[in-house]
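Numbering of the sequence shown is given in the working numbering, commencing with residue 356 and proceeding in unit increments. Note that beta-carbon positions come from the ideal geometry of N, C-alpha and C, so glycine has one too. From a predicted model like this one, the values you see are computed outputs, not experimental measurements. Everything below concerns the one structure shown next.
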Amino acid sequence: MVGCGNSRLPEQLVKRHGFRHVCCIDLSKAVIEGLRTHYAENGDTDLRARLEWRCVDATRMGSFFGGRRFDLIIEKGTLDAMMCSGTSDAAVALLKEIPKLLQPDTGRFLLISHNPNRDSLLVNHGAALRVREVRLGELSPKAMLINALHSKFGKEPLSGLEKSTAMVEAMKEVRAAEARKRLRQFVSVLRSAKQGPRGDDGQMQVL
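Printed below as a string of structure tokens:
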């Protein structure tokens with residue numbers, strides 16, 4: 356799991372879904388050491404044996420792991436944090452590392468993202484990956500704005516940003532995402548209409 360932070364997802368993958376081994380990486384040495392200590396004191400030896408913690412730069416994963424390959428790579432926020440108003444060099448570097456670590460043909464990369472810039476990132480720099488997008492839900496405009504701001508400021512407090520340039524850019528991103536959402540809804544209506552009433556000549560009627 357790339358950029359694991361203090362997420363409980365690795366533990367849940369093992370306990371609830373039967374994953375046999377989960378390797379978790381993060382750039383922060385303090386985070387990794389804290390997790391190692393936590394699970395060392397947890398008392399669950401089986402869980403501890405199935406979880407691996409490594410302090411790794413996500414943009415250099417290939418060199419760190421050498422020839423090691425994974426069946427599944429999960430990324431759920433690191434790319435979003437790297438992407439600002441456009442596609443950052445760090446995000447591109449991370450994405451290029453993924454094919455180096457996946458099992459050939461059978462490996463899967465699960466990207467969980469709410470950043471609207473992911474589309475251009477994957478189109479322009481994800482040629483080595485076959486992409487399938489699955490939408491499980493839509494964020495509210497407020498949540499999208501918070502995500503956009505966090506992608507620019509990381510863990511810095513968001514107070515006092517009302518008139519900042521970053522706030523203006525974040526609002527533009529949210530409006531663009533909302534416009535794409537409305538377009539998807541419009542296309543969905545059109546597709547539904549194709550299955551609806553037709554004229555005497557069998558063609559879809561459009562006004």
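Take the Cβ of residue i as the centre, count every other Cβ of all protein chains shown within 10 Å, and call the residue buried at 16 or more, exposed below.
i, result
"D556", "At D556, the pLDDT of 49 sits below 50, so the modelled position is not reliable and the matter cannot be decided from this model."
"N472", "buried"
"A395", "exposed"
"I467", "exposed"
"D435", "buried"
"A532", "buried"
"E488", "exposed"
"L449", "buried"
"G422", "exposed"
"V486", "exposed"
"G481", "buried"
"V529", "buried"
Which residues in the same chain as residue i place their Cβ atom closer than 8 Å to its Cβ, once the five residues preceding and following it in sequence are excluded?
i, result
"G389", "N361"
"M438", "A446, N470, N472, R473, L476, S506"
"R535", "P471"
Are the CB atoms of residue i and residue j nearer to each other than 8 Å?
i, j, result
"R405", "L456", "no"
"G358", "G432", "yes"
"A413", "L382", "yes"
"R409", "C378", "yes"
"T453", "V411", "Note on residue identity: the sequence assigns Ile, not Thr, to residue 453. Taking 8 Å as the Cβ cut-off, I453 and V411 do not qualify as a contacting pair."
"H376", "E407", "yes"
"L465", "L427", "yes"
"I429", "M356", "yes"
For residue i, which residues of its own chain have a beta-carbon under 6 Å away from its beta-carbon, when the five flanking residues on both sides are left out?
i, result
"G551", "Since pLDDT at G551 reaches only 47, below the 50 mark, its modelled position is unreliable, and no value is offered."
"S440", "Its pLDDT being 47, under 50, S440 is placed unreliably in this model, and the value from its coordinates should be taken loosely. So the qualifying residues of the chain are E524."
"E366", "none"
"F374", "L368"
Which stretch, first to last residue, makes up the alpha helix (DSSP H) that contains residue i?
i, result
"L368", "364-370"
"L449", "444-456"
With a CB to CB cut of under 7 Å and the five nearest residues on each side skipped, what residues in its chain are close to residue i?
i, result
"A459", "One point to set straight first is that residue 459 is Pro, not Ala, in the sequence displayed. Cβ within range, chain order: n/a, list empty."
"F420", "L456"
Q | Inside the segment 374-432 only - beta strand (DSSP E) runs reaching at least 3 residues | A | 377-381, 406-410, 427-430
Q. Along the chain, which unbroken stretches of the alpha helix (DSSP H) at least 4 residues long are found entirely within the segment 460-491?
A. 473-480
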